[in-house]
Amino acid sequence: MDLLLTLASAALLASAIRLTVPILLAALGAVFSERGGVVNIGLEGMMIMGTFWGAAVTHFVARGFPGLVAAAPDLAPLAGMLAAMLMGVLFALLHALVTITFRVDQIISGVTINLLAAGLARFLNIIFFRVATQSPGVGGFTAIDIPLLDRIPWLAPLVTGTSPVIPAAIALVVVGQWVLRRTRFGLRLRSVGEHPLAADTLGVNVILMRYLGVLISGALAGLAGGYLAIEQGRGYLEGMTQGRGFIALAAMIFGNWWPLGALGASALFGYFDAFSLRVVNLRVPYQFITVLPHIATILVLAGFVRRAQMPAADGIPYSKEEE
Amino acid sequence: MLGGRMASPDLFLELRNISKRFPGVVANDKISLAVPTGEIHALVGENGAGKSTLMKILYGLYQPDEGEIMVRGAPVRIAGPRRALELGIGMVHQHFMLIPVFTVAENVILGSEPGRRARLDTARAIEQIELVTRQYEFDLNPRELVANLSVGEQQRVEIIKVLYRGAELLILDEPTAVLVPQEVEELFANLRRLRDQGKTIIFISHILDEVLAIADRVTVLRRGRVVGTVPSVETTKGQLAEMMVGRPVLLQVTRPEITPGEVRLAVEELVVRGAHGRPVVRDITLSVRRGEIYGIAGVQGNGQTELVEAIVGLRPIASGTVRVDGNDVTRVGTRRVRLAGLAHIPEDRHHRGLALPMQVRENLVLGHHRRGLFTNGPLLDLAEIEAFARERIRDYDIRSPATTTPALALSGGNQQKVIVAREFAFAPGVLLAAHPTRGLDVGATEFVWRQLMGAMAQGMAVLLVSADLDEILSLSDRIGVMYRGELVAELFPGEATPQELGLYMTGTKRAPTEQAAG
Amino acid sequence: MSSSTRFFFLQAGALGLAILFGALAGSVILLAINENPLEIYPLIVRFNLARIDSVAAIFYRATPLILAGLATALAFRANLFNIGVEGQAYVGAVAAAFVGFAVGGLPRLVHLPLTILAGMLAGMLWALLPIVLKLRRGAHEVITTIMMNAIAGALVLYLLEPGLLRDPAQAGTPRVRTPDILPSALMPLLHPALSAIGLEIPGSSRLNWFLPLGMALCVFFFWVLRRWRFGFEVRAVAHNPSAAEAAGISTQRVQFLIFLLSGGVAGMVGLSDTLAFFGYFDIDFPKGYGFLGISIALLAKNNPLGVVAAALFIAFLDRGAQGVQVFAGAPREVITILQGLIILAIVVGYELLTRYIRVQLKREAQIAPPLAPALAATGEGGE
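Chains as they are written, first to last, in our numbering: chain R, 1033 to 1355; chain S, 22 to 539; chain E, 70 to 452.
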C-alpha cells in the first residue's frame, strides 16, 4: 500500500515529468535525424556539449553582466540554452559532414563523436574552471505556474513552480508532429529517409534534407543537455547525461519514429528515472534501482523493435553514383 | 553556344553528338537524335548499348562530356532532375521510384507540393491529381497507400507523377518489363491517348514486338552509337534485331531430346507465410524430374521468390514438405539442403549471390567451402581453392584479371558467370534458377542457356523462375503459372501462347494442376 | 608495383595524413591556450622515448589496450558493434579477482589460468544478453551494450558491499576493494624474460606476461580470420550476410560466436591491472579501456595485427599526455581531443580510400587481359 502511494505520489510524478524532458528532447531530435535517414548515436555527445556549454555560458553571463541579469534574471539561462543548442548543432554538423558528405558508417561516426565530446567537455572545463569534472553552480529560469491548469487541485503540484522548459518541450513535440505530418518540409524529410533516390529524381535536395534533419537533432540534443545542466543539475557535472542520449534512441524506437510516440515512451523512461532517484527503501539493492532506466531500455528494445516500422532507408548513406 | 545550325521548330528534342565516357568504356559515342513533338519514339538496343546512360543524361543525372541538347529548339544544360522537369522532361523509371508508406497523392506531389508557405494542402493536391487522372482517363485513387497497389497501378502513379509536373516529354524505361500482356495493352492505350493529346514519348525497350506495336519511329543503339532511325511501318523485327546485334541472331536453343526420368525435386502442399502471417505461397505441389526444366511464370511478387527461398531453406516453411532425390529436406537449413544436392542461382546476384568485396576465388567456393576438398582441419586449403577457381574461370570463360580480384571489379555478366560456375560445380541433382539471365546481354544469355541445357542433358532437374516469358517458353518442358501464391495452371509450352499465359498470370483464368488433379 | 602493394601504401599514407591532420588541429587548440605546439610535440617524443622506464610504461599501458582493441575489432569484423567492452572488462576483472582470492590451495599453473578463464567467462556472460537480444529480438547491440555497461557498474558496486566481496580487513577505512589476490593467481612480470635477452627494465615497471599474451592473441586471430574456414565465414557474413545465408552459412551462429569471442577477450582487458598491478579489485578500477578499444579498432581498420600497432600508438599518446601535464602544465585532455580528431579523420580517410580503390579495381578489371589458364599461381591474395 505504502509502495503504491509512493508510486503515484505527486512528488514522484513531478520529478518524473522533470526527468522526462531531457529524454524527450533528445528523442525528438532522434526522430528528425532518423526520419531523414541518418542514425544519430552521437546524440549523447551532443547532449554532453549541451550540458557543458549550457552551464558555462549561463555562469559567465550571470557573472559578466550582473546589472543586466539583475534586471532580467532569465537572461543568463536563456543565453546558456542558446549556447547549448548552438554547440549541439555544431557537433551535429560534424556528424552530418562525416556521414552524409563522406558517407562514413553512421554508427562509427556517432561513437567517435561521443568520444570527442566527452574529451572536449573535460578539457574545456579545466580551461574555464580549473577542475575537470564540475562547473560552478548556476541559476535556472524563474519557475512558472501554468495558467488555467494550476487551478485544478489534483494537478496543481505538477504544474506550479515548474521550469518553463517543460511546457516548451511539450509544445515542441506537438509542433514536431505537425511539421513531419503536415508540412512540405516534413514530407520531404520523410521521403529522403524512405527512398532517397525517388526523392532525388523529383528534385528534392536529399543532401540538404538530411543535413537539416541531423542539425535539428543536434539542436534538440543540445537543448536537452542545457536543460539537464541549467534546470535540473544547476551546474555541469561530468557524466551527468548518464547515457540518456542512448535511452532517447530507445524512446524513439518505442515511439515508432513519431514525436507523439516518443513523448509516451520518454514519459515511461522519465518515470523510471524518477523512481530510481526516489524509491530506495525496497528489498532490491539500491544499486539496481539506479539502473532501472537502463534495464527498461533493454527490455523495451527487446520487446518492441520487431513491431516498429523504421524508415526504409534509415542508416544507409546516399550517393548518386551507382555501386 | 548558339552557333551552328538552326533547330527545326517542331522538334521537341534534339541531341547533337552526345558523348559520355566512363573509366574503360565509352557509354555514348556521338549520339544524335531528333524527336518531333507528338511522336512516340522507341530507343532499342541490347544491354550495355548505352540506352540508360543516354536517358540519365536527358534526366540530368549525368552530364555529357561532349555534345549539345536542344529542347524546343533552344540549347539547354540539364543540371539535374529538377531542371529536366522545368524543361518539360519527365522520366518513368523501370524500377519504380515510389515510397510504399506514402499515399498516391503524397508520392505524386513530393517535390512540388501545393500549399501556403510551409503547410501542405492535401485536399488541393488530391483535387489536382484527380484533374490529371480525368483528363487522361487514368484509373487511380489518390488516397490509397502505394504499398496496396498492383504493379500496373504503381506504374500509373509514376506516369501521373510526371504529368502532374507538366511534363511534355515522357521517357519510359523498359516500362513493360514488369507487366503482364493485358497490362501492357492498357499501358499502350494510355500512351496513345497521351500522344494524341500532344505529348511526346520516348519508349525504351528491347522487346521488338512491343516497339513495333507502339512506336512511330525507332532508333537503334549499338555499343554506344546510333545505328539508325527508321519509321516502324517500314521495318521488321528481323531487320531491327540485326541492327541491334550487328549480325542476324535467333535466340533459340536446340533442346536435346531427353525423356524425363525419376522425380528429383518434389514439393508438396508447401505453405510459406509473409510479413503479416498471410500466406504468400499457398499449397503448392509440384515435381521436377531428371532431365526436365520446369518453368515458373508469373508477375513478379506473386510468391515466386518466396517459393524458391523456402525450398532452399532461406525462408521458414509453415507447412508442407520438400524432397530432393527422395530425402526430406524440409526445415533442415540451407547448408543441408545444399548437401542433399540442391544448387541455387539467386534472383539478385548482388543480394544473395556474391560477397562483392571478396575475391573471385572466394566467391567461387562460397557454399562449397566446407567440402573436405577445400579444408584442411580448421584451415582452408588455398592451393585446392586456387586450382578449382582456375578451372572454373577457364571452363566458364569468366573475364577476370586474377583469381584474387574482388568480385566487385567484374562486369555484371562475368559476375553472373561466377555464380553459374559455382552452382554447377559438384554435379548438383537439382538446380533452382531464378531469373538466371536478367540483365545479361545476348551473348551471355546464350551462354547461360547452353549451360542449362547441358546440365539438364546430364540428368539435372531444373526449376526455372523467370519474368521473361520468352525464356520460359523456349526452355521449359512444363510450365507452372503462379498467381497470388498459388499454382493456377500447369501446361506444356506447345499448348500455351504468351497471351494465354497472361490470362493465367493475371488470375483471369485457372486450369487444373497436378495438385487439383490429385 | 603490384596494385595490392600500391593500395597498402595508400592506406599507410591515409593514416599518416590523418595523424598530421590531428596534429595540426591539436596545434590550433594548443595555440588557443597559449602553448607552443613546436615545444609540446617534441616534448612528448622526448618524454616518451628518452628513457627505458618510459618506454616500458608505454608497453604496460598498451597491454589492456591491445586486448580492448582486439575485442572491439573482432566484433566489428562480423558487422557487430561491441560498445560493451568497457562493462565486459569490468565484470571480467571482478570475476578474476574473486577466483584469485577465494580459491586457495592451488598451484600457480592451475590457479592463474583458472583466474584468467573466470575473467573471460564473465566477459562472455556479459556479452551474451546483447547478442541474444540482437539475434532473437532485433535489439540494436550498440544501445544494449551501453546499457549493459551501466548495469555492470551497478553490479560491481553491489558486489563490493560489505558481506559480499568487500575485504573485511578494510572495515573502517574508506577503501572499497576485494581482499588481496593470492600470489598463485598473480601474473608474473616480464623482467626475468627481458633480462635474459639483455633488456633491463626498472623494477618499478609492472610490465607482465599479458603483453605477449595479448600480442599472441592478435596474431592468432589474424591467422583465424585469414586462413580458417571460420574466418572465411566471418568475412562472408560481414561482406554480405544474405549471400552467406544462401551459401549455407548460418550468420546467426557466426555472429553469436564472434560476439562471445569478443566478450571473452574483453573479459581479459582489466586483468593486467588486476593481476599484475593492484593485486585486488578496487572501486577505482581504471575506466575507459572499452572506449579506447573502439578508437584502436577503427585506427587498425579491424586488422588484429594493426591493433597491436594502434594500441601502442594510443598508449604513446596517453603517456605523452602525462608529460604534457607535468612538464608543460597543459591539460592532458588536449591529447584526448587529438585522439578523437585523428580517429574522425582516419575513418573519413579510409572511407574515401576504399571508394577510390574500388573504382581503380573496376578500371583494372576492364582493361586487364583475361586470366590465362597457364598462368602460375599468384599466391596469397589480400584484402
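For glycine and all other residues, C-beta sits at the position ideal for the given N, C-alpha and C.
CB contact check: residue i to chain E, cutoff 7 Å
i: F1286 (chain R); result: no
i: Q1319 (chain R); result: yes
i: F1084 (chain R); result: no
i: T426 (chain S); result: yes
One or two residues paired with residue i in a DSSP bridge
i: V10 (chain S); result: Since the first and last residues shown for chain S are 22 and 539, residue 10 (chain S) lies out of range.
i: A390 (chain E); result: BP columns for A390 (chain E) are empty, so no partner.
i: I352 (chain E); result: DSSP output for I352 (chain E) lists no bridge partner at all.
i: D230 (chain S); result: Beta-bridge pairing links D230 (chain S) to no other residue.
i: T1215 (chain R); result: S:R140
i: W297 (chain E); result: S:L400
i: L453 (chain S); result: S:H365 and S:L484
i: H114 (chain S); result: Paired residue(s): none; H114 (chain S) is not in a bridge.
Whole-angstrom distance between residue j and residue i, CA atom to CA atom
i: L1234 (chain R); j: N309 (chain E); result: 31 Å
i: C287 (chain E); j: V333 (chain S); result: 37 Å
i: L79 (chain S); j: K1352 (chain R); result: 16 Å
i: L1252 (chain R); j: A1203 (chain R); result: 13 Å
i: L326 (chain E); j: A142 (chain E); result: 14 Å
i: I39 (chain S); j: Q84 (chain S); result: 10 Å
i: P519 (chain S); j: P202 (chain S); result: 8 Å
i: L330 (chain E); j: E407 (chain S); result: 30 Å
i: A369 (chain E); j: F78 (chain E); result: 14 Å
i: F1123 (chain R); j: F1278 (chain R); result: 16 Å
i: F401 (chain E); j: A1230 (chain R); result: The amino acid occupying residue 401 (chain E) in the given sequence is Arg; Phe does not appear at that position. The alpha-carbon atoms of R401 (chain E) and A1230 (chain R) are separated by roughly 49 Å.
i: L280 (chain E); j: G138 (chain E); result: 13 Å
i: F167 (chain E); j: F346 (chain E); result: 16 Å
i: N277 (chain E); j: L183 (chain E); result: 18 Å
i: I52 (chain S); j: K41 (chain S); result: 9 Å
i: P102 (chain S); j: M112 (chain S); result: 9 Å
i: Q479 (chain S); j: I279 (chain S); result: 10 Å
Within-7 Å CB hit, residue i to chain S
i: G1225 (chain R); result: no
i: S274 (chain E); result: no
i: G1265 (chain R); result: no
i: A1230 (chain R); result: yes
i: G1293 (chain R); result: no
Residue environment, residue i, which counts as buried when at least 16 other CB atoms sit within 10 Å
i: L89 (chain E); result: exposed
i: S273 (chain E); result: exposed
i: Y425 (chain E); result: exposed
i: S171 (chain S); result: exposed
i: A1280 (chain R); result: buried
i: I1321 (chain R); result: buried
i: H390 (chain S); result: buried
i: V254 (chain S); result: exposed
i: I270 (chain E); result: buried
i: P1054 (chain R); result: buried
CB contact below 7 Å: residue i versus chain R
i: F328 (chain E); result: no
i: G433 (chain S); result: no
i: R294 (chain S); result: no
Spatially closest choice to residue i from the options, by CA coordinates
i: R285 (chain S); options: S:A442, S:R310 and S:T306; result: S:R310
i: L131 (chain S); options: S:R138, S:F117, S:R137 and S:A146; result: S:A146
i: A339 (chain S); options: S:D346, S:A410, S:R352 and S:V345; result: S:R352
i: W1134 (chain R); options: R:I1239, R:G1267, R:H1326 and R:T1322; result: Here residue 1134 (chain R) turns out to be Phe, not Trp, going by the sequence shown. Nearest C-alpha to F1134 (chain R): R:I1239.
i: F409 (chain S); options: S:K41, S:T425 and S:V153; result: S:T425
i: R37 (chain S); options: S:V65, S:D86, S:E67 and S:V46; result: S:D86
i: S96 (chain E); options: E:G169, E:I109 and E:G207; result: E:I109
i: L268 (chain E); options: E:I98, E:P106 and E:A125; result: E:A125
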